[in-house]
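Last residue of the sequence shown? That's 136 in the UniProt record's numbering, and every number before it is there in order.
The C-beta atom is built at its ideal place from N, Cα and C for all residues, glycine as well.
Treat the numbers as computed from the prediction; the structure is a model and nothing was measured.
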Amino acid sequence: MAKLTPYIFSEDARSQAAFYTEALGGEVLSVMTFADGPDPNPEYKDKVMHLSFKAAGIQFYMSDSFKPIERGNGLALTLEFSTEEEAYAAFDKLAEGGKVIDALKRQFWGAHFGQLEDKYGVSWQVVTEMETPEPS
1 MAKLTPYIFS EDARSQAAFY TEALGGEVLS VMTFADGPDP NPEYKDKVMH LSFKAAGIQF
61 YMSDSFKPIE RGNGLALTLE FSTEEEAYAA FDKLAEGGKV IDALKRQFWG AHFGQLEDKY
121 GVSWQVVTEM ETPEPS
């Protein structure tokens, strides 16, 4: 059995991880810089080689990138919440400084759905669990 862990490359992994842990509730678990590695290059000693954090109950990894980040439109991180309150709180916090693509709202299929691009250019979908119809 495998486990999927999002790995996000960033121009500033520390501040981006702080944003996500604040927005979604969580904590940074570990940070390793290039100074911690073998034969560190003094120019990159403070750059993040590997950062681990937990937010919204999900494990994430991050690293600083040496090149400008180019985000595509072929991937979005989707957060599914059991309550509308949790979904709206996460959506609003992730959208701060970013761009709402589709406002979070109830959809015809019985769940809430919204899309946004956060201030770091990462695409997110926020959804609620499907409501189970009452038996008739």
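Could you tell me the boundaries of the beta strand (DSSP E) in which Arg106 lies? Lys99 to Arg106
With distances taken Cα to Cα, identify the nearest neighbour of Ala18 among Ser52, Glu80 and Gln107. Ser52
For Leu79, the residue or residues it bridges with in DSSP: Val126
Local conformation of Ser15 per DSSP, three classes: helix
Option nearest Phe34 by Cα separation, candidates Ala90, Thr83, Phe66 and Val100: Phe66
Buried or exposed: where does Phe108 fall if 16 or more other Cβ atoms within 10 Å of its Cβ makes it buried? exposed
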